[in-house]
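Chemist: Protein sequences, first through last, are from chains R and D. In this text, residue positions in the first sequence follow our numbering: the first is 1, and each later residue adds one. In this text, residue positions in the second sequence follow our numbering: the first is 1001, and each later residue adds one. For every residue, glycine included, the Cβ atom is placed at its ideal position computed from N, Cα and C. Keep in mind it's a predicted model, so treat the numbers as computed, not measured. One structure, pasted below without further comment.
2 protein chains.
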Amino acid sequence: MNRSKIHKNDNAARAAWMYYIYKMNQDEIAKTMGISRQRAQRLISLAVNENLVNFKINHSIVSCQELSLELKKKFNLMNVDVAPNVSNKIDKLDGIVNLASKTIDTFLMAKKPMNLIFGSGLILSKVADKLSPVTCLQHKIVSNIGNHGPDGLEPPYFVLGRISQNVESNFFPFTVPIYSSSKEVQKFFLNYLPVKKTIKLIKNFDACFVTIGGFASKKTAGLLRDSLIDDDKYHLMKSKGVVGQINGVCFDENGKIVKNIDNYIPMSILPDANSTKPVIAFAGGSDRVLAIKAALNGRLVNGLITDEVTAEKLL
Amino acid sequence: MNRSKIHKNDNAARAAWMYYIYKMNQDEIAKTMGISRQRAQRLISLAVNENLVNFKINHSIVSCQELSLELKKKFNLMNVDVAPNVSNKIDKLDGIVNLASKTIDTFLMAKKPMNLIFGSGLILSKVADKLSPVTCLQHKIVSNIGNHGPDGLEPPYFVLGRISQNVESNFFPFTVPIYSSSKEVQKFFLNYLPVKKTIKLIKNFDACFVTIGGFASKKTAGLLRDSLIDDDKYHLMKSKGVVGQINGVCFDENGKIVKNIDNYIPMSILPDANSTKPVIAFAGGSDRVLAIKAALNGRLVNGLITDEVTAEKLL
DNA sequence: ACCCAGTTTGAGTATTTGATCGTACTTGAG
DNA sequence: CTCAAGTACGATCAAATACTCAAACTGGGT
């Protein structure tokens, strides 16, 4: 962040204080700051867009709270949050994203140094964009999914880069392919010193955040949609019982990892099932219910942030 | 909170979600919830009034942060927060109140059971009104200032009662007069079993929140204004070097407690000076600078939440 | 069943906010 | 220094939001 941006954000934050805390209107703010009303308006909306303002709803809506308690009990989870649902016109993910970013914010605020592991996925990248700007040099922020696809391309949702837009910390990308097609390539990377060091960080994680990808149909399978795999591989995987994936690691309806898929060796290092450290999934949508349920049953994750409709379907 | 209020708040929270998180407008919200637009508007403003919505500004305004660091250093404090200043038309206390309520919220959210001690004063009572509604039966919320004035009246800012409007917890009022005019009365209360028990809780505090009252002039001296003392006593106190008070306990410019004021034995139990536990004062206003400085110098408190102008004057 | 006091409701209206657009200013390359 | 591209600005207008008030609805008491 450069000096002028800090200065601008400073003014934006001040305007936001006046607007949201002191409940002044834009005219008054403009007068106090000696600027035009429009400028005040723009500062306020800048503050909101830059995530300088956080809206937190304190009241746990009864139905959401009930759902979250039931989910906690049924799947023996540490951490469940359910965002209330809304008309289907609105992107449901916004609610999950909001709760998720708050959860991550609290981890980032912690004084105790931690290794925080981030996977990949649409929701996670949206969450990354919504994190509050903070400096937390005490932590290490590590990716546990490769940073290039089969053809060398950056994968569609490169979460670490987005986090670093808002958060000042120490970032460790995972410099391997998302999956490798041969044991030789896999072996090379696993023995490559920088990678070995990152893997050590990942294995010593304090909290891990992932999304869960569905596999129900061609349209809803993220791996396929993002051209990380082709049609043939998709069908092969389906025939082996794959119902979902986390970071490209595929699992069946019991949440057991499906290995031995020809030419597909996912390189992501996931926490072991039944971890005692928080492994929190952000996921929702009816096309993912099966995948989420499988991941919970297999105890691949022990925390979930989802939306009301998905929560109901999981029960 | 009765059932119908919970139900109403539920709807209010839902509307607030849609408004502040999903960024829907009132028309859309009304349609989704099947209510009129006006009703949607009322639900949103209800949510705000009932503190169901929290506005948090993430960006630490550079000048405020600098002030807070300087204060921390100069007075060797654990905890300083400075609210940005604003036109003098607006009540400056709002900023302090906002930061203060957030600080207290985090204490209330803590899982670890604590004895949280609350004093008295205008700011504290405003803070109490702004606390987020939570249930925290793990804590004990204790008053360390008497609950009746010299003539038996409830003192003007009865903080505990206000807290209990928002917070579900275990409350322990301090059932003594604010001050007693004779050693006999003092003795009686100090030996009265229920009071003894409360004193034990107070002495075992985990965090203590107070305001600092000024003494600069007749108009600004809270004790006098609230008719807890009369003119004669005010002048007597001034002549003994009193510059401020916390919970009615008077101190001089070095923060030393002034005792031996005829017929005035304050009954409040304050933490010892130099406490290692957080003792946080919420105070601002130019008429209190002297009092605040004295309290900080005497290490009667080790944390301060104030506003920009006051912070500057303290340095 | 009826009444009354206190709420709640929605239509109408005033105020506030957000978006558009042409102009002015800033910046950086040549 | 000049020009082009991009950015910021404020006037104006459309949209959204907050307020007011009279009518309708409560529900507790007779």
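1. Please work out which residues of its chain come closer than 6 Å, Cβ to Cβ, to R:D129, disregarding the five sequence neighbours upstream and downstream, and give them in chain order.
2. Does DSSP classify R:A40 as helix, strand or coil?
3. Could you have a look at R:D81 and say whether DSSP puts it in helix, strand or coil?
4. Hey, R:Y234 and R:A221: beta-carbon distance below 8 Å or not?
5. Using 8 Å as the Cβ pair cut-off and three pairs as the minimum, do the stretch 251 to 258 of chain R and the stretch 295 to 310 of chain R touch?
6. Which class does R:T276 belong to by DSSP, given the choice of helix, strand or coil?
7. Just the Cα atoms here: how many angstroms apart are R:V249 and R:F158?
8. Kindly say whether D:R1039, judged by its beta-carbon, lies nearer than 8 Å to any beta-carbon of chain R.
9. Determine contact between the stretch 1111 to 1121 of chain D and the stretch 1139 to 1148 of chain D, defined as no fewer than three beta-carbon pairs at a distance below 8 Å.
10. Can you give me the Cβ contacts of R:A40 inside the same chain, cut-off strictly under 6 Å, excluding the 5 residues immediately before and after it?
11. In whole angstroms, what separates the C-alpha of D:E1184 from that of D:F1174?
12. Just grab the DSSP bridge partners of R:A207 for me.
13. May I ask you to list the residues that DSSP assigns as paired with D:F1282?
14. So R:N9 and R:L52 are supposed to be a Cβ contact under 8 Å. How far apart are they, rounded?
15. Could you tell me which uninterrupted beta strand (DSSP E) segments, each at least 3 residues in length, are contained entirely in the stretch 1127 to 1208 of chain D, listed from first to last along the chain?
16. Tell me the residue span of the beta strand (DSSP E) that contains D:K1056.
17. Under 8 Å between the Cβ atoms of D:L1270 and D:K1293?
18. How is the alpha helix (DSSP H) around R:I96 delimited, first residue to last?
19. Identify the contact partners of D:R1042 in chain R, using a Cβ-Cβ distance below 7 Å as the criterion.
20. At the level of alpha carbons, what is the spacing between D:R1003 and R:E253?
21. Residues of chain D with CB closer than 8 Å to the CB of R:N9, please, in chain order.
22. By how many angstroms is the C-alpha of D:V1243 removed from the C-alpha of R:A100?
23. Below 8 Å on the Cβ atoms is my contact criterion, and I expect R:F55 with D:Y1020 to pass it. Report the Cβ-Cβ distance as a whole number of Å.
24. Where R:T310 and R:G285 are concerned, what is the direct C-alpha to C-alpha distance, given to the nearest angstrom?
25. Tell whether a beta-carbon distance below 8 Å holds between R:G149 and R:N247.
26. What's the C-alpha gap between D:I1229 and D:P1194?
27. Going along the stretch 289 to 307 of chain R in order, which residues come within less than 7 Å of chain D, judged by CB to CB distance?
28. Have a look at the DSSP bridge pairing and note the partners of D:G1244.
29. Quick check: the Cα distance between D:T1306 and R:K277, rounded to an integer number of angstroms?
30. Going by DSSP, which residues form a beta bridge with D:I1261?
31. Going along chain R in order, which residues have a C-beta closer than 9 Å to the C-beta of D:P1278?
32. Please classify D:G1034: is it buried, with 16 or more other beta-carbons within 10 angstroms of its beta-carbon, or exposed?
33. I'd like to know whether the C-beta atoms of R:D287 and R:G214 end up nearer to each other than 8 Å.
Modeler: In this structure, then:
1. Closer than 6 Å at the Cβ level, and outside the excluded window around R:D129, lie R162.
2. Of the three classes helix, strand and coil, the one that applies to R:A40 here is helix, per DSSP.
3. In the displayed model, R:D81 falls within a strand according to three-state DSSP.
4. Between R:Y234 and R:A221, the gap from beta carbon to beta carbon is short of 8 Å.
5. Taking 8 Å as the limit for Cβ pairs, the verdict is that the stretch 295 to 310 of chain R does touch the stretch 251 to 258 of chain R.
6. In the three-state reduction of the DSSP assignment, R:T276 falls in the coil class.
7. So the two alpha carbons sit approximately 17 Å from each other.
8. When Cβ-Cβ separations below 8 Å define contact, D:R1039 makes no contact with chain R.
9. These segments touch.
10. Excluding residues within five positions, the ones whose Cβ falls inside 6 Å are A15, Q26, I29 and A30.
11. One alpha carbon belongs to D:E1184, the other to D:F1174, and they sit about 18 Å apart.
12. R:A207 pairs with R:L116.
13. Its beta-bridge partners are D:T1211 and D:I1305.
14. Correct: roughly 6 Å between the Cβ atoms.
15. Complete beta strand (DSSP E) runs here, min 3: 1134 to 1148 and 1167 to 1177.
16. Judged by DSSP secondary structure, D:K1056 falls within the beta strand (DSSP E) whose first and last residues are V1053 to I1057.
17. With a cutoff of 8 Å on beta-carbon distance, D:L1270 and D:K1293 are scored as not near each other.
18. For R:I96, the uninterrupted alpha helix (DSSP H) run begins and ends at L93 to M109, by DSSP.
19. What D:R1042 touches in chain R: nothing, since even the nearest Cβ is about 16 Å away.
20. Unreliable placement is indicated for D:R1003, whose pLDDT of 48 sits below 50; the coordinate value is still reported in the next sentence. Approximately 41 Å between the Cα atoms of the pair.
21. Simply H1059.
22. Between R:A100 and D:V1243, the C-alpha separation is close to 49 Å.
23. Between D:Y1020 and R:F55 the Cβ distance is about 4 Å, and since that is below 8 Å, they are a contact.
24. Answer to the nearest angstrom: the Cα atoms are 6 Å apart.
25. R:N247 is positioned such that its CB atom lies no closer than 8 Å to that of R:G149.
26. Each residue's alpha carbon lies about 27 Å from the other.
27. Against chain D - using a Cβ distance shorter than 7 Å - the stretch 289 to 307 of chain R contributes no residues.
28. Bridge pairing for D:G1244: D:G1214 and D:F1251 [DSSP].
29. Roughly 39 Å separates the two Cα atoms.
30. According to DSSP, D:I1261 bridges with D:Y1264.
31. Neighbours of D:P1278 on chain R: none; closest Cβ ~15 Å, over 9 Å.
32. Label assigned to D:G1034: exposed.
33. The beta carbons of R:D287 and R:G214 sit closer together than 8 Å.
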